[in-house]
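Engineer: Taken in order, the sequence shown gives residues 767 to 1363; the numbers are from the numbering used here.
Submitted below is the structure of interest, expressed as structure tokens.
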Amino acid sequence: MRVDNLDIPHGAIEFLRNNGFVTLYPPQEKSVKAGLLEGNSILVSAPTASGKTLIAILAIIKHLLGKRGKIVYLSPLKALASEKFSEFKKLDSIDFGRKIRTQISTGDYDQTDKNLGQNDILVLTNEKMDSVIRQGAEWISEVSLVVADEVHLLGDDDRGPTLEIVLTKLKILPQKPQILALSATVTNADEISNWLGCKLVQSDWRPVPLWQGVYDHGVVTMQDRKNFEVEATVRGAPVDLGLDSLKGGGQAILFAETRMRSVSLATKASDAVAKRLHVEEKKILEQISQKILDENEHTELIKSLATLVKKGVAFHHAGLNQNCRGLIESEFRSGKIKLLASTPTLASGVNLPARRVVIANINRYDGKSGSNKPITVLEYKQLSGRAGRPQYDKYGEAIIVGSSNTEEIFDYYINGTPEAISSKLTDDKSLRIHLLSFISTSPGIKNDEIIDFFSKSLSGFQQRKTTIKFKIQIAMRYLESEDLVKQKGGRFIATEFGKKTSALYIDPLTSVLFRKSLQKISKRKRHTTGLLHLITSSEDFFPKFSLRNKDYELVGVLLENYVDELIEDISEYDCNRSLLVMHAWINESSEVFLSDN
């Protein structure tokens, strides 16, 4: 189907054509035929880079033309939200008969953003939307279209529960907004679509064929069982594979399991990539490198990045600030940076394809456990989905670096089926947070009404009602025992303490810890160090860097020097490295010192 055949005005069609959209991809055409432009709610389950953003743009255009109401785009990540905000801002060039206002809001969950309701398109993170709902924003009654991106993250331990609670609240709004849910390929897409009340559009189509393989001892075995050799050097397999793909104008992304390894891989590749650069390319990269230095404090990390960028390589991880990451993404997308070493977070939605994707290790660092864990099949599919640049490559390659386990990797990852999405809402932490939030925004609510609401969540869709009821009972018992919630005449209300906890968007465990500790504080003494320990050991403080051997003496000295500022007796074994960082920070240590230590 050509965009000329869409049921939208000529001006909108011209906009699409001017932005390179001429013919719809199969998932896009399927969505249109499923009633996307007629207001039907749809779940699109399709691979990375299959054109899901255009599906969202078409739905947004149709809503703006019909003057139906406000449009909310939900993103799991600030970087992805920024990318989509830039894309949606381009819609200003279409004549809708009025000025279209687009706004992005991604932070300060405890702050009320009074101007949000004055916009037509709102780009928000899931957490920001949850916060807006908690604050009772009146404009929510005007929402007519919800675009939820990366919906497969419903199964994520950290991000899933908030996305689930937001979608539950939005889908039961009286005005019944159209829901467009965009997801990676998942096993139980039909179950998710039934829960959301969406028509299901499924597709395995990709704009560029994906060839997958496993590297082992200098040989890559592809899915069709054909082999090819890659010259092995002291740089290591991931770098050798990345360099091999640069022949003929290719680009490579090396996915590393930790931030440190991403820097290491980029460093090992740098000299070899630099030798392939033309004089003009080197000049441009010099300018990009200088821009990084001009706009950031000269930490060792920033200096390393600037040095590597001169050579046509870069690393990308959460230790870099948003501006730095955005610049690296932009310059890689433009082809100036040839090889990028990154942690897996880059695979979450940000549009950054490469000819070859190398998974350096099937394990990744888990901040909660402090150890490496195997990636899931769904994560692998997301990482491999970055392979293939539609405008440049005839194919994309995803190669896993194995270790004498080629067949196991083929069976589990390459030929494996992504895990089914299962709700994490009724996990202890998630339930106490969202149960308190629901009671706080629904004063006087009955127990049956609470159970009825949570039964409408994905958790309620996947579990027995008796299970939901039992878990709510346990969470409620805790909230009541800590005076966050109280019951009177069979109805529940949040106490002032409970309301403040919910409004601050923190875990009830954190607020209870703070309250108990603050009761021990003397107004006659300074408790700065004690308060820093309290903050860094709370449930909401993340990441908690564990102490290295050399840190124990430093923490011991800190506690000895500031013993009068402690709230209670603690030893170095009760502390984490974040306490050292926070203490240095409030004493105005430089960013260089903080980064290096």
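Think of the CB as a built atom: it goes at the ideal place given N, C-alpha and C, for glycine as much as any other residue.
#1: Using DSSP with H/G/I as helix, E/B as strand and the rest coil, what is R768?
#2: Which two residues bound the contiguous alpha helix (DSSP H) that contains L1051?
#3: Quick one: what's got a C-beta closer than 8 Å to N1087's C-beta in the same chain, skipping five residues either side?
#4: Looking at E1145 and the ligand NAP, is the gap between the Cβ and the nearest heavy atom below 8 Å?
#5: What residue from T1267, K1034, N1127, G883 has the CA that sits closest to L1202's CA?
#6: On the DSSP bridge list, what partners appear for N1138?
#7: Check each candidate in L1031, R1042, W1351 and name the one with the smallest Cα separation from A1080.
#8: Any C-beta of chain B sitting closer than 9 Å to the C-beta of A815?
#9: In terms of residue numbering, what span does the alpha helix (DSSP H) encompassing T868 cover?
#10: Are D1193 and D879 closer than 9 Å when you measure CB to CB?
#11: Between L890, G786, D1060, which lies nearest to I837 when the distance is taken from Cα to Cα?
#12: DSSP on K850, reduced to helix/strand/coil?
#13: Report the residue from D1006, S1070, K1041 whose alpha carbon sits nearest the alpha carbon of E995.
#14: Would DSSP call D982 helix, strand or coil?
#15: What are the start and end residues of the beta strand (DSSP E) that includes T1276?
#16: Contact between the stretch 781–789 and the stretch 801–812: three or more CB pairs below 8 Å?
#17: Leaving out five residues on either side along the sequence, give the residues of the same chain with a beta carbon under 6 Å from the beta carbon of G921.
#18: Express the C-alpha separation of K855 and L888 in angstroms, rounding to a whole number.
#19: Give the single residue among G1210, S1206, T1172 whose Cα lies nearest to the Cα of N993.
#20: At what residue ranges does the stretch 926–1000 contain a whole run of the alpha helix (DSSP H), taking only runs of 4 or more?
#21: So, does the stretch 1106–1123 touch the stretch 836–850, judging by three or more C-beta pairs under 8 Å?
#22: Of all the options E1354, N1315, I1333, K1310, which has the alpha carbon lying nearest to the alpha carbon of S1344?
#23: Measuring only the C-alpha atoms, how far is F1204 from T1261?
#24: According to DSSP, which residues form a beta bridge with S811?
#25: Whether or not the stretch 965–973 and the stretch 930–949 are in contact is what I'm after, with contact meaning three or more pairs of Cβ atoms, one per stretch, closer than 8 Å; do they touch?
#26: Give the DSSP bridge partners of R1122, in chain order.
#27: Does the stretch 1121–1128 come close enough to the stretch 1021–1038 to have 3 or more Cβ pairs within less than 8 Å?
Structural biologist: Put simply:
#1: The answer is strand: DSSP assigns R768 an E or B state.
#2: Residues 1045–1061.
#3: Within the same chain, N1062 come within 8 Å of N1087 by CB-CB distance, once the 5 residues on both sides are set aside.
#4: The ligand NAP is absent from the structure shown, which contains no ligand whatsoever.
#5: Considering only alpha carbons, the answer is T1267.
#6: In DSSP, N1138 forms a bridge with Y1131.
#7: That would be L1031, whose Cα lies nearest to the Cα of A1080.
#8: Of the protein chains in the structure, only one exists, and it is not chain B.
#9: First-last for T868: 868–871, but that is the beta strand (DSSP E), not the alpha helix (DSSP H).
#10: Their beta carbons are not under 9 Å apart, which means D1193 does not touch D879 by this criterion.
#11: In this structure, L890 is the residue among L890, G786, D1060 with its C-alpha nearest to the C-alpha of I837.
#12: DSSP places K850 in helix when its eight states are reduced to three.
#13: It is D1006 whose Cα lies nearest to the Cα of E995.
#14: Look at D982 here: in three-state DSSP terms it is strand.
#15: Bounds of any beta strand (DSSP E) do not take in T1276; it lies within the alpha helix (DSSP H) bounded by 1274–1284.
#16: The stretch 781–789 makes no contact with the stretch 801–812; the number of CB pairs closer than 8 Å stays below 3.
#17: Correct list, in chain order: I1187, S1188.
#18: For L888 and K855, the distance between alpha carbons rounds to 11 Å.
#19: The shortest Cα separation from N993 among G1210, S1206, T1172 belongs to T1172.
#20: Along the stretch 926–1000, the alpha helix (DSSP H) occurs as fully enclosed runs of 4 or more residues at 926–937, 955–962, listed in sequence order.
#21: In this structure the stretch 1106–1123 touches the stretch 836–850; the number of beta carbon pairs closer than 8 Å is three or more.
#22: Ranking E1354, N1315, I1333, K1310 by CA distance to the CA of S1344 puts K1310 first.
#23: Cα-Cα distance, rounded: 13 Å.
#24: Per DSSP, the beta bridge partners of S811 are S949, Q968.
#25: Fewer than three Cβ pairs drawn from the stretch 930–949 and the stretch 965–973 lie within less than 8 Å of each other, which leaves the two stretches out of contact.
#26: For R1122, which the question treats as bridged, DSSP gives the partners A1018, E1163.
#27: Look at the beta carbons and you see the stretch 1121–1128 touching the stretch 1021–1038: at least three pairs across the two are nearer than 8 Å.
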